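See structure below.
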Amino acid sequence: MTVKTRFAPSPTGYMHVGGIRTALFAWLVARQNNGRFILRIEDTDKNRQVEGSIEHIIQSLKVLGLNYDAGPDKPGPEGPFKQSERLNIYHEWAKKLISSGRAYADPYSKEELDAFRKQDDANHHPFLYRNHRPEITPNWEYQVLPLRFKAEPKAYSWHDVIMGDLSAGEEAVDDFILIKSDGYPTYNFAHIIDDYEMQISHIIRGQEFIASTPNYLNLYEALGFAPPILATPPPVLGPSGNKKLSKRDGAKDILEYINEGYLVPALLNFIASLGWNDGTTKELFSVDELIQSFSLERVGKSGARFDERRLLWMDGAHIRNLTPDDLDAMAKPFWPPEAKDYDQAYLHKVLLLVQERLKYFGEIPELTRFFFSDLELNPELISANSKLSALDKSQLKGLLEQAQASLEQSDFSLTDLSFRLNSLLEATAQPAGILFSLIRIATTQAPASPPLAESLELIGKERSLARLKQQIDAL
RNA sequence: GGCCCCUUCGUCUAGCGGUCUAGGACUCCGGGUUCUCAGUCCGGCAAUCGCGGGUUCGAAUCCCGCAGGGGUCACCA
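According to the working numbering, the residues represented by the first sequence are 2 to 476, in order.
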């Protein structure tokens with residue numbers, strides 16, 4: 002069987018982690034089976050559409066590398082890929098259902114339906130439309146009346162690759178709307194037609210559709226379609242509480258993570274690990290490794306909470322694994338403006354020094370500032386250091402002057418710097434905790450930096466000495 | 001409320017009848033790494049497996065109840 006999966010979002014806004022996970026799973030299944038991955042836009046609700054969201058979705062998938070084989074902007078035999086452009090197809094199938102007696106026009110007004118609901122409610126009866134089927138139905142007038150499916154109620158049990166064996170009684174099957182009065186199909190109808198027409202092999206979608214699966218099964222039968230393989234991952238939960246991650250609760254646009262400097266492979270690794278693992282203790286996966294090891298069968302059934310601290314760790318771990326070339330390339334957009342004056346070789350050295358302390362690339366400016374521009378003296382750095390603040394100013398000054406004298410003789414090669422700094426330790430009879438801290442503060446004016454000698458080497462002789470002098474003068 | 005589903009350290013999870021006095025990872029806490037931060041290494045805290053009954057020689061693992069949580073009951077997807 003040819004594996005063909007699809008990601009079928011409705012264009013109602015940006016994409017957050019939950020949506021991306023669905024897309025990722027579908028993409029992984031397609032790629033590991035040499036199958037096809039399709040992007041289909043479910044734009045059948047004109048009221049909920051958000052301007053620009055199709056482009057936003059496309060952009061998100063593109064940035065994440067979840068490339069699709071066909072979609073709205075990439076022609077393929079399955080097209081068109083926007084449901085709004087497939088209206089005639091749904092119409093054709095609707096007519097078939099009418100002629101086979103499995104669909105009928107719904108003559109009731111909203112008020113009448115509400116009355117039925119109230120009535121059933123009062124009788125402690127679950128509301129089912131099919132209990133109120135009109136005796137005689139009018140002819141279906143396209144774009145005037147909604148078209149309903151005529152269900153053949155029965156109990157169903159079915160298999161879900163992730164959720165296992167599921168079942169529901171016949172009360173879960175009802176006459177649902179196929180085509181709305183505006184002529185657009187409902188999701189319930191459109192996706193079934195599309196998945197059939199596009200020969201989708203696996204439907205991977207959120208849990209909110211489990212409850213209506215019996216309806217879909219009933220419709221597949223009426224249509225004579227074999228249902229695709231079903232896989233419904235559990236929801237991604239928000240950081241606090243048990244609620245499903247949602248835009249309302251501040252779920253971030255996935256592109257925000259990209260803009261903050263999170264690595265794509267780390268993001269995908271993290272998102273995949275929300276509910277999935279390969280059964281070993283392996284935590285870090287490259288995208289290729291994900292493609293190799295992913296399996297829907299190993300996706301858990303319970304919702305996974307989104308924990309940004311874990312993402313942070315994972316991103317740092319991926320950054321540390323970057324090759325020097327990739328590091329340069331990925332870091333490019335994140336340099337502070339001051340870095341413009343420096344050549345690539347210098348930037349590269351800076352990067353190697355901070356690579357292992359980066360959690361995400363957005364931290365580059367604050368971690369590297371002193372390699373590019375001189376900053377104002379920050380007296381707090383000394384006063385906040387208990388060892389340094391225990392000494393008086395003349396002592397500090399004396400230490401810095403000794404350092405200055407020695408470093409003036411240095412060629413600022415790493416070996417010479419290391420040698421001189423070590424000698425200084427002996428000459429001043431000070432522990433590194435005092436001497437090195439002091440020099441480090443004077444030359445970086447930062448609460449933290451890479452190791453002293455390495456930092457000084459990059460900052461260079463002229464600037465290092467100037468900064469020492471600045472600190473001495475200030476004491 | 002009806003129906004469906006879920007429930008292992010704070011979090012992500014391993015586990016599919018005995019190897020579990022429940023393993024790994026994140027976080028947190030100690031210690032090493034000639035300064036800081038990070039990393040790294042070593043060590044530690046942390047789940048009596050939601051609760052209660054069974055079945056079994058033996059259950060986190062099977063069965064039944066209960067509780068809690070989630071989903072769904074639209075001319076939304």
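Every residue gets a Cβ at the ideal spot worked out from N, C-alpha and C, and that includes glycine.
Quick caveat, the model's predicted, so the values are computed rather than measured.
Between which two residues does the alpha helix (DSSP H) containing residue i stretch?
i: Arg421; result: 415–429
i: Tyr105; result: Careful: Tyr105 lies outside any alpha helix (DSSP H), inside the beta strand (DSSP E) at 104–106.
i: Arg49; result: Here Arg49 belongs to no alpha helix (DSSP H), and DSSP marks it neither H nor E.
i: His92; result: 88–100
i: Ile383; result: 381–384
i: Ile365; result: 365–369
i: Leu376; result: Neither: Leu376 is in no alpha helix (DSSP H) and is coded neither H nor E.
In the DSSP output, which residue or residues are listed as bridge partners for residue i?
i: Leu169; result: The question names Leu, but residue 169 is Ala in the sequence shown. DSSP lists Tyr157 as partners of Ala169.
i: Leu457; result: In the DSSP output, where bridge partners are listed per residue, Leu457 has none listed.
i: Phe8; result: Leu40
i: Lys245; result: Leu238
i: Gly72; result: Lys75
i: Arg131; result: Its beta-bridge partners do not exist; DSSP assigns none.
i: Lys83; result: Ile42
Quick one: Cα of residue i to Cα of residue j, how far?
i: Ile201; j: Pro228; result: 10 angstroms
i: Thr6; j: Ala31; result: 6 angstroms
i: Pro147; j: Ala232; result: 30 angstroms
i: Glu402; j: Gln60; result: 56 angstroms
i: Asp1; j: Pro81; result: The first residue shown for the chain is 2 and the last is 476, placing residue 1 beyond what the model contains.
i: Glu357; j: Leu218; result: 53 angstroms
i: Ser54; j: Ala156; result: 39 angstroms
i: Tyr15; j: Ala173; result: 32 angstroms
i: Asp342; j: Met331; result: 19 angstroms
i: Lys283; j: Ser274; result: 10 angstroms
i: Leu220; j: Ser182; result: 20 angstroms
i: Arg118; j: Phe271; result: 45 angstroms
i: Leu167; j: Ser303; result: 15 angstroms
i: Trp28; j: Leu40; result: 10 angstroms
i: His349; j: Asp327; result: 11 angstroms
i: Ile230; j: Val145; result: 35 angstroms
Between residue i and the rest of its own chain, which residues show a CB-CB distance below 7 angstroms, the 5 nearest in sequence each way excluded?
i: Ile194; result: Ile90, Tyr91, Trp94
i: Thr445; result: Phe371, Ser456
i: Ala404; result: Leu425, Ile440, Leu469
i: Ser213; result: Asn189
i: Pro215; result: Tyr157, Ala169, Ala173, Val174
Which same chain residues, not among the five before or five after residue i, have their C-beta less than 8 angstroms away from its C-beta?
i: Glu142; result: Ala106
i: Asp196; result: Arg7, Ile204, Pro229
Please work out which residues of its chain come closer than 6 angstroms, Cβ to Cβ, to residue i, disregarding the five sequence neighbours upstream and downstream, and give them in chain order.
i: Tyr263; result: Asp316, Tyr361
i: Arg306; result: Leu238
i: Met199; result: Glu79
Considering residue i, what are the terminal residues of the beta strand (DSSP E) in which it resides?
i: His125; result: Where His125 is concerned, there is no enclosing beta strand (DSSP E), given that its DSSP letter is neither H nor E.
i: Ile204; result: 203–205
i: Arg149; result: 148–150
i: Ala232; result: 230–232
Alpha helix (DSSP H) segments (min. 4 residues) lying fully within the stretch 262–292:
As far as the stretch 262–292 is concerned, its whole alpha helix (DSSP H) runs of at least 4 residues are 265–273.
| task | Kindly provide the ranges of any beta strand (DSSP E) runs that are 3 or more residues long and lie completely inside the stretch 185–220, ordered along the chain. | result | 203–205
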